[in-house]
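Just so you know, we're using UniProt numbering here: the sequence shown kicks off at 1 and counts up by one.
Beta carbons are placed, not taken as given, at the ideal position from N, Cα and C, and that holds for glycine.
See structure below.
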Amino acid sequence: MPTAAERLIDFLAAQGIDRAFCVPGESYIALLDALHAHEGIDLVTCRSEGGAGFMAVADAKMTGRPGVVLVSRGPGACNASIAVHTAEQDAVPLILLVGQVEKRDLRRNAFQEIDYGRMFGGIAKWVGEATEPNQIPELIGRAYAMAMQGVPGPVVLSLPEDVLAEACTAPALPATIVAPAIPAPAEVARLAAMLRAAERPILLAGHAFDRPGGRAALQAFAEAWQLPVAVSFRRQDLFPNDHALYAGDLGLRNPDQQRAAFAESDLVLALGTRLTDITTQGWTWPAEGQRLVHVCAEPRFLGWLFPAEMALAADALALIEALAAEAPAAPAAREGWNARLRAIHFADTGIRPGQHNDGVAFAEVARLVGEVATADAIVTLDAGTFGAPFYRKLPWVPPQRLLAPVSGAMGFGVPAGVAAALRYPDRQVIAAVGDGGALMTAGEFAVAVARGVPLKLLLSDNGAYASIRIHQERAHPGRVSGTSLANPDFVAWCGSFGVPVTRVDSNADFPALAAALAAPGPAAIVVRTSLAAVLPVAAQAAE
Numbered sequence: 001m002p003t004a005a006e007r008l009i010d011f012l013a014a015q016g017i018d019r020a021f022c023v024p025g026e027s028y029i030a031l032l033d034a035l036h037a038h039e040g041i042d043l044v045t046c047r048s049e050g051g052a053g054f055m056a057v058a059d060a061k062m063t064g065r066p067g068v069v070l071v072s073r074g075p076g077a078c079n080a081s082i083a084v085h086t087a088e089q090d091a092v093p094l095i096l097l098v099g100q101v102e103k104r105d106l107r108r109n110a111f112q113e114i115d116y117g118r119m120f121g122g123i124a125k126w127v128g129e130a131t132e133p134n135q136i137p138e139l140i141g142r143a144y145a146m147a148m149q150g151v152p153g154p155v156v157l158s159l160p161e162d163v164l165a166e167a168c169t170a171p172a173l174p175a176t177i178v179a180p181a182i183p184a185p186a187e188v189a190r191l192a193a194m195l196r197a198a199e200r201p202i203l204l205a206g207h208a209f210d211r212p213g214g215r216a217a218l219q220a221f222a223e224a225w226q227l228p229v230a231v232s233f234r235r236q237d238l239f240p241n242d243h244a245l246y247a248g249d250l251g252l253r254n255p256d257q258q259r260a261a262f263a264e265s266d267l268v269l270a271l272g273t274r275l276t277d278i279t280t281q282g283w284t285w286p287a288e289g290q291r292l293v294h295v296c297a298e299p300r301f302l303g304w305l306f307p308a309e310m311a312l313a314a315d316a317l318a319l320i321e322a323l324a325a326e327a328p329a330a331p332a333a334r335e336g337w338n339a340r341l342r343a344i345h346f347a348d349t350g351i352r353p354g355q356h357n358d359g360v361a362f363a364e365v366a367r368l369v370g371e372v373a374t375a376d377a378i379v380t381l382d383a384g385t386f387g388a389p390f391y392r393k394l395p396w397v398p399p400q401r402l403l404a405p406v407s408g409a410m411g412f413g414v415p416a417g418v419a420a421a422l423r424y425p426d427r428q429v430i431a432a433v434g435d436g437g438a439l440m441t442a443g444e445f446a447v448a449v450a451r452g453v454p455l456k457l458l459l460s461d462n463g464a465y466a467s468i469r470i471h472q473e474r475a476h477p478g479r480v481s482g483t484s485l486a487n488p489d490f491v492a493w494c495g496s497f498g499v500p501v502t503r504v505d506s507n508a509d510f511p512a513l514a515a516a517l518a519a520p521g522p523a524a525i526v527v528r529t530s531l532a533a534v535l536p537v538a539a540q541a542a543e
């Protein structure tokens, strides 16, 4: 008779899950044993639960299947919570399996016990807990379905140690995922008429297209209807940035000229997005009086702040497929509108060269990355000022991928790079991280080295939490408090992983940097980065 743990692993394998990430813990020893006997799932042992969770989030973004992460009770679950929040903010399916205290100890304040319903209730889509082995097939099926259906997101399943090890007589259940509604023909016809009449439309593309087939479908739809495409926050790789219909992204510090142009649109078609604060530029766009069509798989995200002329709880891909047959010749006036939006975006993509006494401007490093990136390169970013030029200054063209934390969580970059390199060992994978985030989770680089995958670790060292320093200098000029870093010798630290390390101190080292990024195998590059280059002008002289 299979154990409950074996039933759970068999279910995941049946859904196509072929990789899971963990930091081992005694509270789920039975799950580890079930994975030992199952050759179909690769178990990746990580150095921190946060790193394991970030890897699972990144893997889910690349496969379209839920990322799976296994952690122990109490401290393990707390460390993994950063990844749960990241998955929620990014609409990524994630299954967090938490080993729990034995069922006799539940709700008795036992060693490392936490009530996970209370802990994760505000960020997870669903939290479940098994108290009997025969509940496991039902609960893991529900967890999978909840993670995938509607707007994808994280779920948490608490698994008492003794329950996992007991025999399970309940049969395995197939996964049942409720598909979003397909718009009625009358709604499709009405929307088609609105699109035909619009002279200055904008298609805002969101998370719904970040799945297999989504990018190609989005591009085909935009081309058929000649619609300019703007992408939501940190989703630059949804649409070819070199395409004549690419209108840019909705992110941090958009140029005033671009914001003004978007406000002139006579129809905003928001597809597969929750219209969150940054994408809407602080809740200011779509502006009052602009016609809005909002399509999201879950009705709870419709009509709660932005009044829409049409609000459809539907699958964005199904909708654009239904509209494909309706596409007419675009109005002649739209050609000028499309060209104008493209020109405004392109005008903001330049990187100005400059010389700084305290190191290299990392924007110039980013430009070099864009020049040497292969046609299918994957770049993963940590949170931080060093990453800003990757979003607006470099052209991303599918199948290239740019994986970055929509939540702004530090520590994402290197674990995401490890997951990408494991998933696609034949592709160029570059993980860019600042010195602040590096010592949070960059120890996960050891996983890539142990597996022999060719991850390139690109580390920006400017001796500061630079994003916060910028805000600090604007609010309290000259009053530095809590934002300086005393760093280790990062060249020696990276070398301790047993990989080649390239040191970049000036632009003269760029040929060596380019060669390191193109070399086979894992490697690290440490850039002495200018802090002055990113600070407000008044503060630069002090650096």
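Between the CA atoms of residue j and residue i - distance to the nearest angstrom
i: Ala515; j: Val501; result: 12 Å
i: Pro180; j: Leu317; result: 10 Å
i: Gln540; j: Asp249; result: Low confidence applies here, because Gln540 scores a pLDDT of 46, under 50, leaving its location unreliable and the question unanswered by this model.
i: Ala542; j: Thr280; result: Bear in mind that a pLDDT of 44 at Ala542, under 50, signals an unreliable position, so the model cannot answer this.
i: Ala538; j: Gln472; result: Low local confidence applies: a pLDDT of 43 at Ala538 is under 50, so the model's placement there is unreliable, and no value is given.
i: Val418; j: His207; result: 23 Å
i: Gly387; j: Thr131; result: 45 Å
i: Glu26; j: Gln100; result: 10 Å
i: residue 577; j: Ala145; result: A question about residue 577 goes unanswered here, because the residues of the chain that appear run from 1 up to 543.
i: Ser481; j: Leu531; result: 15 Å
i: Phe11; j: Arg469; result: 48 Å
i: Leu457; j: Val92; result: 24 Å
i: Val449; j: Pro522; result: 6 Å
i: Leu292; j: Pro240; result: 24 Å
i: Ala438; j: Leu403; result: 16 Å
i: Ala297; j: Asp509; result: 49 Å
Unbroken beta strand (DSSP E) run spanning residue i, endpoints
i: Lys61; result: Note, Lys61: premise wrong, no beta strand (DSSP E); alpha helix (DSSP H) at 49 to 63.
i: Cys296; result: 292 to 296
i: Gln257; result: Unbroken run through Gln257 is the alpha helix (DSSP H), 256 to 263; no beta strand (DSSP E).
i: Asp249; result: 246 to 249
i: Trp126; result: 126 to 129
i: Met310; result: 310 to 313
i: Arg401; result: 401 to 403
Residue i, enclosing alpha helix (DSSP H) - first and last residue
i: Val84; result: 75 to 90
i: Gly117; result: 116 to 120
i: Gly141; result: 136 to 148
i: Leu323; result: 316 to 324
i: Leu31; result: 29 to 36
i: Arg342; result: 333 to 347
i: Arg196; result: 185 to 197
Residues bridged to residue i [DSSP beta-bridge criterion]
i: Pro389; result: Bridge partners of Pro389: none, in fact.
i: Gly99; result: Leu159
i: Val44; result: Phe21
i: Leu204; result: Ala230, Ala270
i: Ala524; result: Leu457, Val501
i: Ile430; result: Val379, Lys456
i: Thr3; result: Ala167
i: Leu94; result: Gly67, Pro154
i: Thr529; result: Val360
i: Ala464; result: Ser484
Burial state of residue i (16 or more Cβ within 10 Å)
i: Gly384; result: buried
i: Ala375; result: exposed
i: Thr529; result: buried
i: Gly282; result: exposed
i: Gln355; result: exposed
i: Ser506; result: exposed
i: Thr273; result: buried
i: Ser407; result: buried
i: Met1; result: exposed
i: Arg235; result: buried
i: Ser48; result: buried
i: Ser160; result: Contrary to the premise, residue 160 reads as Pro rather than Ser in this sequence. By the neighbour-count rule (16 or more Cβ atoms within 10 Å), Pro160 is buried.
i: Arg253; result: exposed
CB contact flag (residue i, residue j, <8 Å)
i: Leu245; j: Ala261; result: no
i: Ala124; j: Val98; result: no
i: Pro201; j: Ser158; result: no
i: Gly411; j: Thr380; result: no
i: Ala409; j: Ala431; result: no
i: Leu267; j: Met148; result: no
i: Val84; j: Phe54; result: no
i: Ile278; j: Phe233; result: yes
i: Pro185; j: Leu94; result: no
Within-8 Å CB hit, residue i to chain C
i: Tyr246; result: Here there is only one protein chain, and chain C is not present.
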